[in-house]
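A.B. asks: In the working numbering, the protein residues as written are 1 to 551. Backbone N, C-alpha and C fix where the C-beta goes; we use that ideal spot for every residue, glycine too. Please find one structure pasted underneath; my questions will follow.
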Amino acid sequence: MEHHSSNFIRNIIKEDIETGKHDKIITRFPPEPNGYLHIGHAKSIVLNFGVADEFGGKTNLRFDDTNPLKEDIEFVNSIKEDVKWLGYDWDNLFFASDYFEEMYNRAVLLIEKGLAYVDDLSGDEIREYRGTLTEPGKPSPYRDRTIEENLDLFTRMRNGEFGNGEKVLRAKIDMSSPNINLRDPVIYRISHATHHNTGDKWCIYPMYAFAHPLEDAIEGVTHSICTLEFEDQRPLYDWVVENCNMESTPRQYEFGRLNLTNTVMSKRKLKQLVEEGYVDGWDDPRMPTISGLRRRGFTPEAIRAFCQEIGVSKTSGVVDSRMLDHFVREDLKLKAPRTMGVLRPLKVVITNYPEGQTEMLDAEINPEVPEMGIRQIPFSREIYIEQDDFMENPPSKYFRLFPGNEVRLKHAYFIKCEEVIKDENGNVIELRCTYDPETKSGTGFTGRKVKGTIHWVEATQAIQAEFRLYQPLILDEEMNEEEEGKSFLERVNPNSLEILKGFVEPNMADVKAQDKFQFFRHGYFNVDPKHTATDHLVFNQIVELKSSFRM
Ligand code: ATP
Ligand code: MG
């Protein structure tokens with residue numbers, strides 16, 4: 001697809017293939033279906049599918065659905081949709097819950113080997129016994145239960161004889177290991193909850209640290225790519241694969257997660273924004289979710305190019321979110337038709353234009369791509385322009401309309417402001433102008449020059465439209481708000497959405513959901529998929545035309 005920027009994981013895979021360690025690689029993208037995917041997940045998707053594609057391997061989409069309380073089929077469906085929309089096709093679709101029986105059997109095997117035991121300590125007690133980085137842990141009083149007793153208790157856990165939290169199954173590894181993850185981690189817990197896939201079949205569920213390596217091994221995954229916070233879990237990952245006698249040996253590799261300025265990225269926080277009504281759903285155009293970016297108007301091409309560009313490294317940096325904007329501009333520059341829209345309308349009457357007359361003017365659909373052809377736009381005696389394209393008492397260097405000044409109407413004529421009409425409060429409500437028929441655009445008029453060009457929409461045929469302009473949802477750029485005891489909710493920008501009612505060209509009557517346009521001077525906009533009726537068109541601003549950001 002796109003260029004494959006070099007990264008250390010790709011280099012490892014390349015070497016594994018060159019040395020014959022693997023002839024086919026298998027990667028996986030393993031989301032937990034407890035929320036919608038976000039741009040951080042896109043980085044993982046692009047990496048996992050990208051390297052498999054490049055080296056002729058396979059990628060599984062696997063739902064890591066081992067925590068029934070938080071998971072839902074709604075999330076499963078949205079994740080599938082988002083991965084496809086990003087342009088990727090999984091080779092297999094798997095659910096961790098399909099392996100519950102096998103995982104259970106592997107846990108039994110650990111018990112039989114004397115490598116797992118049922119513990120009656122509470123969660124708090126387990127934490128207390130675990131010790132700290134400087135102190136070794138101490139063994140649970142239940143650590144030396146016999147294999148028979150453990151097998152019996154584990155069977156009874158499965159059969160539902162105990163309540164939530166009454167017992168857990170722990171791996172028996174090393175209570176004094178310098179790696180706290182190896183101090184007898186919990187590998188099964190009791191949870192009497194209905195699972196979206198297995199219903200009420202199970203009341204014990206494997207913990208992530210036990211389940212994940214088994215899932216990878218069962219599927220024959222060769223390179224299990226995850227984010228940096230799992231680095232300390234790698235010894236446990238390897239322990240599970242080895243001691244559960246798994247045939248295949250996946251290897252875990254960690255990379256830095258993506259963080260963006262002015263954004264929160266964890267599903268837990270995004271869920272909070274949705275549930276507490278700060279945004280209008282997971283797909284609110286201000287959200288960093290894939291569905292939000294899609295509704296805002298970002299394209300899969302732009303998101304993929306962004307993910308390639310940021311690359312993959314061993315550290316998690318913070319990327320300027322304007323970099324993502326840059327890639328959508330680059331993508332839409334040649335694709336999006338140009339059009340004119342007036343966001344804050346001011347009526348202009350062209351007094352010397354014949355009443356009742358309308359003419360059609362030619363306008364390029366995209367001057368950078370002449371093959372896209374021309375569109376025709378009506379012009380008549382009444383038009384709308386932007387309120388801020390007129391000033392009654394302009395400062396110097398203001399080249400747009402003011403009394404006595406002449407400007408060019410894009411694709412049309414020069415007009416000159418002759419008279420300003422105000423309401424009883426002194427607000428400007430209409431301008432009277434004259435036009436010069438000699439100055440028609442495209443006729444090569446060279447008689448005189450004007451400094452300003454403004455856009456407009458013919459008033460009688462204009463279509464009413466709503467424009468939604470966005471500012472970052474999260475205000476400052478501190479990343480460690482929790483350490484400071486401050487909730488990220490205090491950083492939610494109260495002015496992240498501005499709604500304007502204006503007008504668009506009449507040829508916008510047949511736009512479809514997700515159509516994208518470059519509005520002259522206003523930037524790129526997307527037709528909101530939830531509002532496509534011609535009597536209530538909504539355009540979401542994707543990005544402005546220019547940004548201060550330089551790559
Ligand atoms: P969150 O903290 O947002 O809930 P998660 O890591 O719990 O994210 P999962 O559904 O478990 O979400 O993630 C699926 C995959 O996506 C994992 O391999 C994870 O490492 C990766 N991933 C999640 N967030 C990011 C991120 N910000 N940058 C890169 N990869 C990410
Ligand atoms: Mg998670």
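Determine the direct distance from the alpha carbon of P354 to that of T434, and round the result to whole angstroms.
C.D. replies: Their Cα atoms are separated by approximately 11 Å.
A.B. asks: Determine, using beta carbons only, whether R408 and G452 come nearer to each other than 8 Å.
C.D. replies: In contact: R408 and G452 (Cβ atoms closer than 8 Å).
A.B. asks: Using the Cβ count rule (16 or more neighbours within 10 Å means buried), how would you classify P250?
C.D. replies: Label assigned to P250: buried.
A.B. asks: Does at least one heavy atom of the ligand ATP sit under 7 Å from the Cβ of K501?
C.D. replies: False, no ligand heavy atom lies under 7 Å from that Cβ.
A.B. asks: Just curious, the beta strand (DSSP E) that M265 is in, first and last residue?
C.D. replies: Here M265 belongs to no beta strand (DSSP E), and DSSP marks it neither H nor E.
A.B. asks: According to the neighbour-count rule (16 or more other Cβ atoms, all chains shown, within 10 Å of its Cβ), is G292 buried or exposed?
C.D. replies: Its Cβ being crowded by 16 or more others within 10 Å, G292 is buried.
A.B. asks: Are the CB atoms of D72 and A96 within a distance shorter than 8 Å?
C.D. replies: Against a cut-off of 8 Å, the Cβ pair of D72 and A96 comes out as no contact.
A.B. asks: Taking only the alpha-carbon atoms, compute the straight-line gap between V538 and N526 and give it to the nearest angstrom.
C.D. replies: Approximately 8 Å, taken between the alpha carbons.
A.B. asks: Could you check whether the Cβ of D232 sits closer than 7 Å to any heavy atom belonging to the ligand ATP?
C.D. replies: Not under cutoff, so the answer is no.
A.B. asks: Can you determine whether any heavy atom of the ligand ATP sits closer than 7 Å to the C-beta of P31, and answer yes or no?
C.D. replies: The answer is yes for P31.
A.B. asks: For Y188, list the residues DSSP reports as bridge partners.
C.D. replies: According to DSSP, which records beta bridges pairwise, Y188 is partnered with L169, P206.
A.B. asks: List the residues that DSSP assigns as beta-bridge partners of Q376.
C.D. replies: The partner list for Q376 (beta bridge, DSSP) reads D362.
A.B. asks: Where does N77 land, buried or exposed, given buried means 16+ other C-beta within 10 angstroms?
C.D. replies: So N77 ends up on the exposed side.
A.B. asks: Straight-line CA distance for F8 to P235?
C.D. replies: F8 and P235: Cα-Cα distance of roughly 20 Å.
A.B. asks: Excluding the 5 residues preceding and the 5 following F517 in the sequence, name in chain order all residues of the same chain whose CB lies nearer than 6 Å to its CB.
C.D. replies: A336, P337, T339, F525, listed in sequence order.
A.B. asks: Closest by CA to P437, which one among N352, E15, T289, M372?
C.D. replies: It is N352.
A.B. asks: Which term fits D535, buried or exposed, when burial requires 16 or more other beta carbons within 10 angstroms of its beta carbon?
C.D. replies: The residue is exposed, with fewer than 16 neighbouring Cβ atoms inside 10 Å.
A.B. asks: Out of curiosity, what's the CA-to-CA distance linking L37 and T289?
C.D. replies: Their backbone Cα atoms lie some 6 Å apart in a straight line.
A.B. asks: So the candidates are D144, V543, M103; which of them puts its Cα closest to the Cα of C244?
C.D. replies: Considering only alpha carbons, the answer is M103.
A.B. asks: Could you check whether S140 and L121 sit closer than 8 Å to each other, using their CB atoms as the reference points?
C.D. replies: Yes, the pair counts as a contact, with Cβ atoms nearer than the cut-off.
A.B. asks: Quick one: what does DSSP say L228 is sitting in, helix, strand or coil?
C.D. replies: In the structure shown, L228 sits in a helix (DSSP, three-state: H, G or I).
A.B. asks: Below 8 Å between beta carbons: does that hold for K593 and N34?
C.D. replies: For residue 593 there is no data in the structure shown, the boundaries of the chain being 1 and 551.
A.B. asks: Once the 5 residues before and after I421 are set aside, which same chain residues still bring their CB inside 8 Å of it?
C.D. replies: Cβ neighbours of I421 beyond the five flanking positions: V428, I429, E430, L431, R432.
A.B. asks: What did DSSP end up calling G123 once you bin it into helix, strand or coil?
C.D. replies: Three-state result, G123: helix.
A.B. asks: Closest to T134 by CA distance: which of M175, F154, G165, F100 is it?
C.D. replies: When only C-alpha atoms are compared, the closest one is M175.
A.B. asks: What are the residues that DSSP puts in a beta bridge with A465?
C.D. replies: BP columns for A465 point to G502, L537.
A.B. asks: Tell me whether F8 sits in a helix, a strand or coil according to DSSP, three-state version.
C.D. replies: Reduced to three states, the DSSP call for F8 is helix.
A.B. asks: Taking the Cβ atom as the reference point for each residue, do L346 and Q308 lie within a distance shorter than 8 Å?
C.D. replies: Against a cut-off of 8 Å, the Cβ pair of Q308 and L346 comes out as no contact.
A.B. asks: Taking Cβ positions, are W85 and T59 nearer each other than 8 Å?
C.D. replies: Contact flag unset, no.
A.B. asks: D119 and V46 look like a contact to me (Cβ under 8 Å); what is the Cβ gap, rounded to whole Å?
C.D. replies: Incorrect: roughly 41 Å between the Cβ atoms, too far for contact.
A.B. asks: Is it buried or exposed for I111, if we count other Cβ within 10 angstroms and need 16 for buried?
C.D. replies: Answer is buried; the Cβ neighbour count reaches 16.
A.B. asks: Could you check if M287 is buried or exposed, using at least 16 other CB atoms within 10 Å of its CB as the buried criterion?
C.D. replies: By the neighbour-count rule (16 or more Cβ atoms within 10 Å), M287 is buried.
A.B. asks: Can you name, in chain order, every residue of its own chain whose Cβ lies under 8 Å from the Cβ of K14, other than the five neighbours on each side?
C.D. replies: These residues qualify, in order along the chain: F55.
A.B. asks: Report, in whole angstroms, the separation of the C-beta atoms of H522 and L334, which I expect to be a contact under 8 Å.
C.D. replies: That pair is no contact at about 18 Å.
A.B. asks: Can you name, in chain order, every residue of its own chain whose Cβ lies under 8 Å from the Cβ of F298, other than the five neighbours on each side?
C.D. replies: So the list reads L324, V328, I542, once near-sequence residues are dropped.
A.B. asks: Relative to the ligand ATP, is the shortest distance from any of its heavy atoms to the C-beta of D64 smaller than 7 Å?
C.D. replies: Yes, the Cβ of D64 comes within 7 Å of a heavy atom of the ligand ATP.
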